[in-house]
Amino acid sequence: MKIAGAQIGSRWEDPQKSLQKAEPFIRKAVDDGASLICFPEQYPTGWDPRSVRHVEERDGPIVSRFRHLAQEYGIALLGSFRERSDPKPRNTCIVVDREGEIAATYAKSHLFTPAHEDEHYSPGNTPGIFRLSNVPFGIAICYDLRFPGLFGAYARAGVCCMLVPAAWPASRIGHWELLLMARAIEYQVYVMGVNPTGMTPVETYCGRSLAIDPSGTVVAEAGEEEVLIPAVIDPEMVFRVREALPVYRNGLLDDGSRNQA
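Add 869 to a position in the sequence shown, counting from 1, and you land on the number used in the working numbering.
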């Protein structure tokens, strides 16, 4: 199976123009034979930890447009938006299948407290798992990447590929690359991290989107330009790597018991 990450900058706080800008990337992903395209964190608006503009329900205009694009082009789409919730909105990813139906949602579990995201948003508390052509995928968002326990929970649930839409700043891009690779190696899964590029009123981004296989090999990477990165996902490789080097199976769980996976 082939998937794609769209390393692309947002039109700041302008969902309509951002999603118009996304269409050529979607078309290219389809032409390249991808089954899914993943966009960076809060792509329609750009990531702003304090902004609650364009907060909407799951049947609002941003999600409706995601659904229309997925159905029109016949490709699964992972996007994110500011979801209305009580008492504060959530930073939510949504997966739409090629028929335009919502396949999964995931609200960011670990809010970025250094930028006060926790003061304006509520954290999620449930995983986001979906299947595409019977391959199980999991979702994490940006700062979640620093918390390996979340990735361990996904691995125990049988996930073969983690998708990590992000808005990771250029000032810490070295951490981004190392952490993506670490999560792939320690849990022996595919990991695709999709990051924006360009400047916003909040941050400067330099892309460096990556796809890493379960052995820790980088199979696709981008520089700083706006680009689509493709990656082939082979679920059999996950099993081969885990059989050859059963690190995860040999480890102990948090309660001290032996992992049986």
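Just so it is clear, CB atoms sit at the ideal spot from N, CA and C, and this is done for glycine as well. Just so you know, these numbers come straight off a predicted model, no measurement behind them.
Beta-carbon spacing of residue i, residue j below 7 Å
i	j	result
residue 888	residue 934	yes
residue 951	residue 979	no
residue 1049	residue 1081	yes
residue 1035	residue 1074	no
residue 973	residue 943	no
residue 961	residue 976	yes
residue 918	residue 981	yes
residue 932	residue 958	no
residue 913	residue 893	no
residue 874	residue 1078	yes
Start-to-end residues for the beta strand (DSSP E) that takes in residue i
i	result
residue 1087	1087 to 1090
residue 1078	It is not in any beta strand (DSSP E) - residue 1078 carries neither H nor E in the DSSP assignment.
residue 1014	Run containing residue 1014: none; DSSP gives neither H nor E here.
residue 990	Neither: residue 990 is in no beta strand (DSSP E) and is coded neither H nor E.
residue 1098	1096 to 1101
residue 913	Residue 913 -> no beta strand (DSSP E), and no H or E assigned at all.
residue 1033	1030 to 1034
residue 905	905 to 907
Which of helix, strand or coil DSSP assigns to residue i
i	result
residue 870	coil
residue 1003	coil
residue 1018	helix
residue 922	coil
residue 967	coil
residue 949	strand
residue 1059	strand
residue 940	helix
residue 1073	strand
residue 877	coil
residue 959	strand
Whole-angstrom C-beta distance between residue j and residue i, which should lie under 8 Å
i	j	result
residue 1011	residue 1093	Between residue 1093 and residue 1011 the Cβ distance is about 18 Å, and since that is not below 8 Å, they are no contact.
residue 1052	residue 1014	7 Å
residue 1056	residue 1029	Not confirmed; about 10 Å, so no contact.
residue 1070	residue 1004	At roughly 38 Å, the Cβ-Cβ gap does not stay under 8 Å, so residue 1070 and residue 1004 are not in contact.
residue 1113	residue 1099	Their Cβ separation, rounded to whole angstroms, is 26 Å, which puts residue 1113 and residue 1099 out of contact at 8 Å.
residue 926	residue 953	5 Å
N- and C-terminal bounds of the alpha helix (DSSP H) containing residue i
i	result
residue 976	No alpha helix (DSSP H) holds residue 976; the beta strand (DSSP E) holding it covers 971 to 976.
residue 1042	1042 to 1056
residue 899	884 to 900
residue 1113	1104 to 1113
residue 1064	Segment: none, residue 1064 is in no alpha helix (DSSP H) and carries neither H nor E.
residue 1118	1116 to 1119
The ligand GTP heavy atom lying under 6 Å from the CB of residue i
i	result
residue 1115	For the ligand GTP, the structure offers nothing, since it holds no ligand at all.
(request) Pair every Cβ in the stretch 1061 to 1073 with every Cβ in the stretch 902 to 916, then say whether three or more of these pairs are closer than 8 Å. (result) Counting Cβ pairs under 8 Å, three or more are found: they touch.
(message) Taking contact to mean 3 or more Cβ pairs, one atom from each stretch, closer than 8 Å, check whether the stretch 937 to 947 and the stretch 961 to 974 are in contact.
(response) yes
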